[in-house]
Amino acid sequence: EDKVVQSPLSLVVHEGDTVTLNCSYEVTNFRSLLWYKQEKKAPTFLFMLTSSGIEKKSGRLSSILDKKELFSILNITATQTGDSAIYLCAVDSSNSGYALNFGKGTSLLVTP
Amino acid sequence: DAGVIQSPRHEVTEMGQEVTLRCKPISGHDYLFWYRQTMMRGLELLIYFNNNVPIDDSGMPEDRFSAKMPNASFSTLKIQPSEPRDSAVYFCASRVGLADGNEQFFGPGTRLTVL
Chain H
11 EDKVVQSPLS
21 LVVHEGDTVT
31 LNCSYEVTNF
41 RSLLWYKQEK
51 KAPTFLFMLT
61 SSGIEKKSGR
71 LSSILDKKEL
81 FSILNITATQ
91 TGDSAIYLCA
101 VDSSNSGYAL
111 NFGKGTSLLV
121 TP
Chain B
2 DAGVIQSPRH
12 EVTEMGQEVT
22 LRCKPISGHD
32 YLFWYRQTMM
42 RGLELLIYFN
52 NNVPIDDSGM
62 PEDRFSAKMP
72 NASFSTLKIQ
82 PSEPRDSAVY
92 FCASRVGLAD
102 GNEQFFGPGT
112 RLTVL
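These protein sequences, in sequence, are chains H and B. All residue numbers for the first sequence refer to the working numbering, where the first residue is 11 and numbers rise by one. All residue numbers for the second sequence refer to the working numbering, where the first residue is 2 and numbers rise by one.
If you want it as structure tokens, here you go:
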């Protein structure tokens, strides 16, 4: 059975800190890994990763995939209180058709 | 672009009642997904449709749950009879079938409370 495991489950940091969120997966026929940010409502798309070693970057957020070791990290530099949210990792594999298999998420709280 | 639209946003009902959740996908998207999110289990897929046809309903918990997609712009998820353990946030998401990758766009969710 496909598995997606995120760590840590929750994290509290101070504004300005840098955080690293982890996502490991065990799937067959991997296609892509996606990161979403969920505040009080719907998950919103951040990144999609398909190739190892190629960093995706958007402002203070960046992410990279390691297909050999089966994990991805999401980095947030110079955190702000607006970064407080649940960060979800999801894996797309041909085993599950077009459905995404989500991890349980990392809850990030950035304090002033 | 209005995004994925869901209604109602909140629903409180009593055990045993029928509940119907509604979703309008983004125009032109030919895949529609229903997810359920709880603290204990996270975000779980219930069912998804392609071109209005159910493709995978293996995540539907039991016969009390049913979903339909009568046309490309509307889907319903029905729970009958509802139970307290069905309390969760239900999300609908859609995507374009031919796009690279599998970026899904989520609606705002329906928070269901069954008393």
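Note that beta-carbon positions come from the ideal geometry of N, C-alpha and C, so glycine has one too.
When Cβ-Cβ separations below 9 Å define contact, residue 102 (chain H) makes contact with chain B. Annotation for residue 77 (chain B): the continuous beta strand (DSSP E) segment containing it runs 75 to 80. Against chain H, the CB of residue 62 (chain B) has no partner CB under 9 Å away; the residue lies outside that interface. If the five residues before and after residue 55 (chain B) are omitted, its C-beta is found closer than 8 Å to the C-beta atoms of 48, 49, 68, 70, all from its own chain and listed in chain order. At the C-beta level, residue 21 (chain H) and residue 87 (chain H) stay beyond 9 Å of one another. The continuous beta strand (DSSP E) containing residue 45 (chain B) extends over residues 43 to 51.
Between residue 44 (chain H) and residue 31 (chain H), the C-beta gap is not smaller than 9 Å, which leaves the two residues out of contact. Residue state for residue 71 (chain B) is assigned as strand, using DSSP reduced to three classes. Under the Cβ distance rule, residue 35 (chain H) does not count among the residues neighbouring chain B, no pair being separated by less than 9 Å. Spanning the alpha carbons of residue 53 (chain H) and residue 111 (chain B) requires a straight line of approximately 13 Å. Within the same chain, Cβ atoms closer than 7 Å to the Cβ of residue 62 (chain H) are found at 75, 76, 77, 78, the five residues on either side in sequence being excluded.
Here residue 75 (chain B) really is in contact with residue 25 (chain B); their C-beta atoms are around 6 Å apart, less than 8 Å.
Non-local beta-carbon contacts of residue 121 (chain H) in its own chain, meaning distances under 6 Å to residues more than five positions away in sequence, involve 24 in chain order. Annotation: residue 27 (chain B) has no Cβ neighbours in chain H at a cutoff of 9 Å; minimum Cβ distance is about 12 Å.
The C-alpha of residue 110 (chain H) lies about 23 Å from the C-alpha of residue 8 (chain B).
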